[in-house]
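Numbering (mature numbering (1 follows the signal peptide of the UniProt record, and there is no 0)), first residue to last: -19 to -1, 1 to 492. Built from N, CA and C at the ideal position, the CB exists for glycine as well. As structure tokens, the structure follows; a few thoughts come after it.
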């Protein structure tokens, strides 16, 4: 799956051009926005008309885009959000976290706290008796070339990283290092998120204090990044290196821009230029020589692009030769690269000079506003609302992850309490608007999962009656990459829960 994410960056990179400025929805000015300059597309060689077409294209099946930002010469020329997502919301960026963690490791190396040649045993002597602790180095972990027997994915089954995340009380160091090393695979690429988590443990141990505080003071604060969240990788409060950072798209752009400028931000050297060059050098060939890996960054063969990429379509792509940085967040569970060659070929063509085009630019701004506006829903109301109020639906399918739904209808709000089948997962509440708008409600992070927790995350939900017997519910946790959306068909005391493609998820009984 991770390879498919990289094709996003590759497709954009081959002939990437520039994008357009947008009027953002009115919101309070923040330090984050104040540090970012803006320009029209034409002023940096892009075409507003083509960018409008690009936004249409990114709304076709296979993308599920939530946001896109494009900058050239350090100026944002396109910033668009798709309702219900909007600016100012930290987003789970999954494996983009790896590139942030690698940046912290590079800074610790510059500070003299770590060396690339350090082994796990050098930093964590209490684990020196583990068979691989004296063999595996920081450099190998950064490049995913340890030779450890690790299978990130197993088709439809859970992979090794899933197994790690499902055991919160596990010792990450032992979990990773107790695996066998395949000697002929040492210095060959093998994707390993557990190794990235281990980097977080090593970084904090070498620092001797909180790595999240170090990130705040040395990286985030200079970049004007203030609204982040970062998950622990375990119950020992180790900062997750493989995934778990929540950050706003505009702040994702800042990391890309920091790297594009060789570690400089506002005339201050935040990250050593030598680290930027090292981390984004094409060190290990991955697929037929066209994809390479650096130090927790994906890289083009000739460094024409490099990318931080995460599950479900999160990425920061930098194209140093074109002076371009692109950020996208999405909920694309299939991670499809459908049509991306057309994206770079037809919509992002650079030109040295373009005349300003106010008509096309205004049309682009209208398109951006349209994306930010919720699509219309049915105004139909059903007499079943009274019958179903405070009723429960017991779902029969033992393979379906939900065991029960409880419904309540009060004026223009439908409240659905969802009880997961796994008793260790707590029920959660969806408050959905029935009046054509998304209803936003806070979702408080679980305290013991968070190394650093910012303001409450938000859930957006809406419901509509497709006919008098069919209720459709859409619920999106805006900082996550998944959603709970389904249709419920009622007939007497029976209910059928349907997926959005009308396949049956479970039959149920009203009580």
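Taking each of 164, 290, 292 and 274 in turn and checking the Cα distance to residue 284, the smallest one comes out for 274. Beta-bridge partners assigned by DSSP to residue 470: 451 and 477.
For the region 29 to 117, the full-length beta strand (DSSP E) segments reaching 3 residues or more read 46 to 53 and 56 to 62 along the chain.
Residue pairing by DSSP leaves residue 254 without any beta bridge partner. Separation of the CB atoms of residue 415 and residue 445 is rounded to 7 Å, and the pair is thereby assigned contact status at 8 Å. Of the residues assessed, residue 295 falls on the buried side of the cut-off, its CB having 16 or more other CB atoms within 10 angstroms.
For residue 182, the uninterrupted alpha helix (DSSP H) run begins and ends at 174 to 188, by DSSP.
Straight-line measurement puts the Cα of residue 167 at about 30 Å from the Cα of residue 300.
When the alpha-carbon of residue 74 is set against those of 303, 233, 242 and 402, the nearest one is in 233. For residue 124, the uninterrupted alpha helix (DSSP H) run begins and ends at 119 to 124, by DSSP. Following the DSSP letters along the chain, one finds residue 300 inside the beta strand (DSSP E) bounded by residues 295 to 300.
Contact annotation: the region 335 to 344 does not touch the region 380 to 393, with fewer than three C-beta pairs closer than 8 Å.
Around the C-beta of residue 221, 16 or more other C-beta atoms lie within 10 Å, and the residue is accordingly described as buried. Counting along the chain, residue 234 sits inside the alpha helix (DSSP H) bounded by residues 230 to 241. Residue 38 places its beta carbon 9 Å or farther from that of residue 48.
Here residue 473 is not near residue 376, since their CB atoms are 9 Å or more apart. For residue 387, the closest alpha carbon among the candidates 95, 306, 113 and 491 is that of 491. Around the beta carbon of residue 370, fewer than 16 other beta carbons sit within 10 angstroms, so the residue counts as exposed. With contacts defined as CB atoms closer than 9 Å, residue 459 and residue 469 fail to qualify as a contacting pair.
Going by DSSP, residue 390 is part of the beta strand (DSSP E) stretching over 383 to 391.
As computed with DSSP, residue 421 is found in a beta bridge with 441. Contact annotation: residue 105 and residue 154 have beta-carbon atoms nearer than 9 Å. In the DSSP assignment, residue 162 falls outside any alpha helix (DSSP H), carrying neither H nor E.
Per DSSP, the beta bridge partners of residue 220 are 213.
Nearest neighbour of residue 363 by Cα position, chosen from 50, 471, 79 and 156, turns out to be 471.
Cβ-Cβ separation between residue 355 and residue 419: approximately 6 Å, consistent with a contact (criterion under 8 Å). According to the DSSP assignment, residue 196 belongs to no beta strand (DSSP E) but to the alpha helix (DSSP H) extending over 192 to 196. The region 392 to 417 contains, as complete beta strand (DSSP E) runs of 3+ residues, the segments 394 to 401 and 409 to 414 (chain order). Boundaries of the alpha helix (DSSP H) around residue 352: 339 to 353. A direct Cα-to-Cα measurement between residue 85 and residue 225 gives close to 15 Å.
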